[in-house]
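End of the sequence shown sits at 257 in the numbering used here; the numbers just go up one at a time, nothing left out. What follows is one structure encoded as structure tokens, with my remarks underneath.
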Amino acid sequence: MSTFTILRRCTTAFIACFLVASFSGQALAIPFFEFTTPDQALPSPYPGFLGGGLNGNIWASVPFPASIPARTLAFSESYIASNPTPSGTFTSTQIDYPNGSANVSPVPGTSICTFLGTDCSSLSSPSLGSVDFHNSIIELNGYLAIPTAFTTYQFDLGSDDGSEVWIQGTSILKRDGIHAFTLGVNPVDVKFDAAGLYAIRLLYYEAEPTEGGLCMTHGPLDNCNIVVVPEPATIPLLGIGLYGLALTRRRRLMA
């Protein structure tokens, strides 16, 4: 059995560390993040309360730059800032698109409804579902429900094309630029010092006519009860109540 040697180097604030592991003779640097204070207490009753999912916004037919290097997360953020009203909204019950066993879908050639899968039923504009998913931006907002204090989860993010995840405003995963889908290459370890709700945001865009896909995992802790819940109605951008759904681990082959 392989052994791991763990070293930690921490800073202050939310505490960012790096875990350096020795695995089969190779050094693997695993980013480590620690969050000390939740944004809100856990909903009651818990864990019986699971809710409905993250709040999703989608911008369709986005005029991405002709230059491939310019098709970035920064452009996507700028586009959202200039066009704050999305083409449609939906409820994201799992960070897994396209739904199912495939990592990616061909674009052009995949409609928004096909890409969203079961989540298409919550799409605010039914006619939007038939629009091709190529040249789209997705934004997800809500909370992670952490049931137990001093718990560490390993997160990973796969996307084609760019994506980024923030917890309480701190970027923990970033896959910028035009690239193929990969998963299991650059995971991060995240420790939560207290039980409660931690704000999460995810941004994703598809801007190259080949394939598109998005998946966020929390393996290898399959049995941990991680829950994602949307923002409460008192927060301006979102208003579908305080609900969520257990984040399930994807079992996929890496591209």
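In this text, a Cβ means the ideal position worked out from N, Cα and C, and glycines have one as well. Computed from a predicted structure; not experimentally measured.
Where the alpha helix (DSSP H) containing residue i begins and where it ends
| i | result |
| --- | --- |
| glutamate 210 | No alpha helix (DSSP H) contains glutamate 210, which DSSP labels as neither H nor E. |
| threonine 172 | Threonine 172 -> not in any alpha helix (DSSP H); beta strand (DSSP E) instead, spanning 172-177. |
| phenylalanine 77 | 75-84 |
| proline 118 | Inspection of the sequence shows that residue 118 is occupied by leucine rather than by proline. Unbroken alpha helix (DSSP H) run through leucine 118: 114-118. |
Separation of residue j from residue i, as counted between CA atoms
| i | j | result |
| --- | --- | --- |
| valine 133 | leucine 204 | 22 angstroms |
| asparagine 85 | serine 78 | 10 angstroms |
| isoleucine 114 | serine 89 | 11 angstroms |
| aspartate 41 | isoleucine 202 | 10 angstroms |
| lysine 193 | threonine 39 | 11 angstroms |
| phenylalanine 37 | tyrosine 207 | 27 angstroms |
| serine 138 | leucine 130 | 12 angstroms |
| proline 33 | proline 189 | 8 angstroms |
| alanine 68 | tyrosine 81 | 15 angstroms |
| valine 106 | glycine 119 | 13 angstroms |
| asparagine 57 | phenylalanine 152 | 27 angstroms |
| serine 259 | proline 71 | Since the displayed the chain opens at 3 and closes at 257, residue 259 lies outside it and no answer follows. |
| glycine 111 | phenylalanine 117 | 10 angstroms |
| glycine 171 | threonine 154 | 18 angstroms |
| leucine 175 | threonine 219 | 11 angstroms |
| phenylalanine 157 | proline 128 | 33 angstroms |
| phenylalanine 66 | valine 167 | 21 angstroms |
| isoleucine 228 | glutamine 96 | The predicted model places isoleucine 228 with a pLDDT of 37, which falls under 50 and marks its position as unreliable; any figure quoted below should be read in that light. Using only the alpha carbons, I get a separation of about 12 angstroms. |
| valine 187 | proline 211 | 24 angstroms |
| serine 46 | alanine 31 | 38 angstroms |
| serine 165 | alanine 83 | 17 angstroms |
DSSP beta-bridge partners of residue i
| i | result |
| --- | --- |
| glutamate 141 | Asn59 and Leu205 |
| glutamate 166 | Lys176 and Leu205 |
| glycine 198 | Ile148 |
| cysteine 217 | Asp98 and Gly160 |
| aspartate 134 | Ser113 |
| phenylalanine 37 | Phe194 |
| serine 107 | Gly214 |
Host beta strand (DSSP E) of residue i (start-end)
| i | result |
| --- | --- |
| threonine 154 | 153-162 |
| threonine 91 | 90-94 |
| phenylalanine 66 | Run containing phenylalanine 66: none; DSSP gives neither H nor E here. |
| phenylalanine 194 | 190-194 |
From the options, residue whose alpha carbon lies closest to that of residue i
| i | options | result |
| --- | --- | --- |
| glycine 55 | Ser94, Ser63 and Pro71 | Ser94 |
| aspartate 191 | Tyr207, Ser123, Ser173 and Glu208 | Ser173 |
| serine 123 | Val106, Asn57, Phe92 and Ala209 | Phe92 |
| alanine 196 | Thr150, Gly58, Tyr81 and Ile32 | Thr150 |
| aspartate 163 | Ala209, Phe34, Leu185 and Pro110 | Ala209 |
| valine 64 | Arg73, Gly58 and Asn57 | Arg73 |
| leucine 185 | Pro71, Trp168, Leu175 and Leu159 | Leu159 |
| isoleucine 148 | Ile82, Tyr200, Ile32 and Pro33 | Tyr200 |
| alanine 62 | Gln156, Phe152, Phe35 and Leu125 | Leu125 |
| proline 108 | Leu118, His136 and Thr87 | His136 |
| glutamate 177 | Gln96, Ala76, Asp121 and Ala83 | Here residue 177 turns out to be arginine, not glutamate, going by the sequence shown. The residue with the shortest Cα to Cα distance from arginine 177 is Ala76. |
| asparagine 59 | Asp121, Ile169 and Gln156 | Asp121 |
| leucine 44 | Phe35, Ser127 and Gly198 | Gly198 |
| threonine 87 | Phe35, Pro128 and Ile140 | Ile140 |
| phenylalanine 35 | Val187, Ile169 and Pro211 | Ile169 |
Within-8 angstroms CB hit, residue i to chain B
| i | result |
| --- | --- |
| phenylalanine 117 | The structure shown contains no chain B; it is built from a single protein chain. |
Problem set entry | Meets three-Cβ-pair contact criterion under 8 angstroms: the stretch 213-220 and the stretch 93-100 | Result yes; three or more Cβ-Cβ pairs closer than 8 angstroms.
Problem set entry | Cβ pair count under 8 angstroms reaching 3, the stretch 170-183 against the stretch 144-154 | The stretch 170-183 is not in contact with the stretch 144-154.
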